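In the UniProt record's numbering, the protein residues as written are 1 to 161.
We treat Cβ as the ideally placed atom computed from N, Cα and C, and that holds for glycine.
Since this is a predicted model, take the numbers as computed values, not measurements.
Structure, rendered in structure tokens:
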């Protein structure tokens, strides 16, 4: 019994090259990769792989990473919104205990009890036991570094609820 693959005709290399080139041109892949390389060299993001993912998924402006926290702009903005929700009085500082209670209440399904406990074990607020926005961002940059964008967005949605 003949196989379907035996009936296939080989495509000449020159034709394959032409098809590949047309595909790359049609989707502007050369410009995309060139822009990515220029931005990687210029910006030197802390996490170059995450930068490339974010640049393709969003755009290069939202992919730029904060030099201190390493957070991409799109994540930084979302976490700043979460902080403002927690900081109900708008003083720019939140008590560590209040932050822990809030995260336990609102982030419980994305983060388990053990994850939350270990998360806050590493947290070092100032002597006043208050957490500023910058401390919050630095802390959550370490927490969120290993999770993909979809899981991060899910966590933020829970924290904003």
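In this structure, residue 130 places its C-beta atom within 8 Å of the C-beta atom of residue 95. Beyond the five residues adjoining it in sequence on each side, residue 88 comes within less than 7 Å, by CB distance, of no other residue in the same chain. The C-alpha of residue 32 is placed about 19 Å away from the C-alpha of residue 65. In the three-state scheme derived from DSSP, where H, G and I count as helix and E and B as strand, residue 88 is classed as coil.
The beta carbon of residue 99 is closer than 7 Å to those of 86, 131 in its chain, skipping five residues each way along the sequence. Distances from the alpha-carbon of residue 74 to those of 161, 159, 157, 149 put 149 closest. When the beta-carbon positions are compared, residue 36 and residue 30 stay at least 8 Å from each other.
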